[in-house]
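**Student:** Residue numbers for the sequence shown follow my numbering, beginning at 159 and rising by one. Glycine residues also receive a C-beta, built at the ideal position from the N, C-alpha and C atoms. Bear in mind that the values here come from a model prediction, so they are computed numbers and not experimental data. Next up is a structure, given as structure tokens.
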Amino acid sequence: MDSHTSEIFTQFFENRTQAIPAKQLKKKYSIQIETHKTNYQDEHLHIQVLGKLDIKNLGALRVTLVVKSKHNMHYIPVRNTLDLYHGDRIEKFVRTCAEKLETGTSFIRKALNTLTENLEHHRLQQIEITKQQQQAMPVNRQLTQIEKQAALVLLKDKDFIKKLTQKLQDTGIVGEEKKALFLFTILLSHQMNHTLHAMVQGTSGSGKSHLIKKVADCMFNQNKIKRFTRVSEKSFYNYGSYDLQHCGIILEDYDGLGEEAQLAWRELQSNGQLSSSVSLKNEITGEIKSGEKHVYGPIASLVATTKFRLYEDNQSRVFTIAIDESEQQTEKVLAYMAQKSSKGITDAQEQQAVLEIQNLVSLLKPYSVQNKYRLHLPKTTQQRRRLTQMLHDFIEQITLLHQYNRQRIAADTQEPQTLITKLEDLELAVDLMFESIVLKTDELDGILRQFYENLKKYITPKGENTDFTQREIRQEFRISKSQTQRYFNELLELEYIQKSSVGGRNTFVYKIAYWDNLEKLRTEIRGYLYKQIQAYKDKS
């Protein structure tokens, strides 16, 4: 520098050029990370990582590696499974690769280090994405002002129930008007304070799953409607504490529930929560202690089943209805199918009806209900105590359904308003759940009762003492042999029919042993309930 003047520093400063930013430096390697395979390549090596990365245990990075030389392609690749965080084993693996691939250890060591850094970064990204997905709250559809106004007009209409019943039919429910409205009110209770449960009985292919599916579609918050075709033994216990709170649960086939799953199901229905004693491990110390795990309800539910008889503890907690399997109902269904095939009714029309019902459901809120009327069920009713409470809970749901047409008592600022039950609510509640009350009083369940009534209609013109065979009834009613056998076995056990003799070829001949009068029973129950309602009307 002694041979230069001081101006050289000024010249250096003025002639300076910008350094290449680190981001613009071209990477000397490429890496492609996929779910079950990762490919890393640089100028010397090609490394494959086989299998899925474990994102749960950040204390290890166990992978299966396939290392190939790009200069000596004919060399056999080196394969090994190891933990990239285990320094000694990594160093041993580096030497093995260098020996077999005739490549410098520095190249291999650098490649493995770069690969490890990229896998670490990818794993942390996946953990963050998973966390965000779990924390993301589902977003409900927002009603427009026009939709909200139309729903309010319907809710305030004096013929609200009549119009709601028609809209339920427009969704694709054929016939079963009262049962559809009954199930709709029960499932709607999932967003109220007191929840209800219903079980739909019917033979295979009778349309029970279709009915509860259509009703479930009409709920506004579909994120709170859970539909199951199968439930494993312990699955209910493994939910988060509040995952099932105020949910509507649809079981498309109750027959598939195991004994332990049925126990959990009953507790959720009656107690509103599941409590279990479990072993909990301290992640830091490894110590195992006993602890408690809770899954909170309440839940509302709709269940379909083909069983004639259910375990009494299950049946007593639910309203039971039977699908109409009459020939008249079949003709209605076939006529509706023909209309859909000819495009007289479209899927868009059904979906529009569903959206309109969802809109009004979104405007229904939970309120406290004051019901000064008490109804008593006939003493012949099974599980009379529990069913009476269910009856009054259902009356409360009817009042909540009419909340825009019912008187409200102004409460304290800290308490919500209270709705007042009217006698019209009692009449509608009794009308809708009447069939369920009859089934609770009847010795026969819904499916068997329909068969027995059809059997009596078939035998009556021939005389009460007329004999008949299983084959004769099977062919007349067009049902399978196994199904006919189940019906006959149940009726024999309950002594409604008896084997009268043995015919040719050892075939059994039967006749009806007990001619009950269902219509008389229905009239008595209806009169018993409406007489109480009329007494309240006379007092008011």
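(1) Per DSSP, what kind of secondary structure is residue 183 in: helix, strand or coil?
(2) Do residue 309 and residue 521 have their beta-carbon atoms positioned less than 7 Å apart in this structure?
(3) With 16 other CB atoms within 10 Å as the buried threshold, where does residue 656 fall?
(4) May I ask you to list the residues that DSSP assigns as paired with residue 463?
(5) Let me check understanding here. Comparing Cα to Cα, which of 461, 496, 487 and 422 lies closest to residue 479?
(6) If I measure Cβ to Cβ from residue 652 and keep anything under 6 Å in the same chain, skipping five residues before and after, which residues do I get?
(7) By how many angstroms is the C-alpha of residue 530 removed from the C-alpha of residue 320?
(8) Quick one: what's got a C-beta closer than 7 Å to residue 616's C-beta in the same chain, skipping five residues either side?
(9) Straight-line CA distance for residue 293 to residue 366?
(10) Near residue 183, which residues of its chain fall below 8 Å by C-beta distance, leaving aside the five closest residues on each side in sequence?
(11) The alpha helix (DSSP H) with residue 277 in it runs from where to where?
(12) With a threshold of 16 other CB atoms inside 10 Å of the CB of residue 456, please say whether the residue is buried or exposed.
(13) Report all residues from its chain with a CB closer than 7 Å to the CB of residue 422; omit the five preceding and five following residues, and keep chain order.
(14) Could you tell me the distance, in whole angstroms, from the CA atom of residue 695 to the CA atom of residue 488?
(15) CA-CA distance, residue 490 and residue 575?
(16) If we call anything under 7 Å between Cβ atoms a contact, is residue 415 one with residue 373?
(17) Output needed for residue 506: all residues of its chain with C-beta closer than 8 Å, excluding positions within five of it in sequence on either side, in chain order.
(18) Within a Cβ cutoff of 7 Å, which residues of the same chain sit near residue 437, ignoring the five residues on either side of it in sequence?
(19) Which class does residue 450 belong to by DSSP, given the choice of helix, strand or coil?
(20) What residue range does the beta strand (DSSP E) around residue 432 cover?
(21) DSSP state of residue 380, grouped into three classes?
(22) If I follow the unbroken beta strand (DSSP E) through residue 577, where does it start and stop?
(23) Should the segment 248-256 be called in touch with the segment 312-328, which here means at least 3 C-beta pairs below 8 Å?
(24) From the DSSP output, in three-state form, read off residue 332 for me.
(25) Return the chain-ordered list of same chain residues with a C-beta closer than 6 Å to the C-beta of residue 378, the five sequence neighbours on each side being excluded.
(26) Bridge partners for residue 224 per DSSP, in chain order?
(27) Grab me the residues of residue 538's own chain with a C-beta within less than 6 Å of its C-beta, minus the 5 sequence neighbours each way, in chain order.
(28) Of the residues 579, 391, 565 and 430, which one's Cα is nearest the Cα of residue 351?
(29) Give the C-beta separation of residue 186 and residue 200 to the nearest angstrom, bearing in mind that I take them to be a contact with Cβ-Cβ under 8 Å.
(30) Is the Cβ-Cβ distance between residue 583 and residue 605 less than 7 Å?
(31) Roughly how many whole angstroms lie between the Cα atoms of residue 474 and residue 510?
(32) Does the distance from the CB of residue 385 to the CB of residue 408 come in under 7 Å?
(33) Sorted by chain position, which residues of the same chain lie with C-beta nearer than 7 Å to residue 238's C-beta, five sequence neighbours on each side aside?
(34) Go ahead and label residue 618 buried or exposed: buried means 16 or more other beta carbons lie within 10 angstroms of its beta carbon, across all protein chains shown.
(35) What whole-angstrom Cβ distance do residue 707 and residue 686 have, given they're in contact under 8 Å?
(36) Residue 672: which of 486, 428, 613 and 630 sits nearest, CA to CA?
**Tutor:** This is what the structure holds:
(1) Low local confidence applies: a pLDDT of 46 at residue 183 is under 50, so the model's placement there is unreliable, and no value is given.
(2) yes
(3) exposed
(4) 359
(5) 461
(6) none
(7) 26 Å
(8) 634
(9) 36 Å
(10) For residue 183, the pLDDT reaches just 46, beneath the cut-off of 50, and the residue's location in the model is therefore unreliable, leaving the point undetermined.
(11) 263-293
(12) buried
(13) 394, 395 and 432
(14) 40 Å
(15) 43 Å
(16) no
(17) none
(18) 446 and 448
(19) strand
(20) 431-439
(21) helix
(22) 576-578
(23) no
(24) coil
(25) 516, 519 and 520
(26) 206 and 237
(27) 599
(28) 430
(29) 6 Å
(30) no
(31) 37 Å
(32) yes
(33) 223 and 251
(34) exposed
(35) Nothing in the structure corresponds to residue 707, since the chain is present only between 159 and 698.
(36) 613
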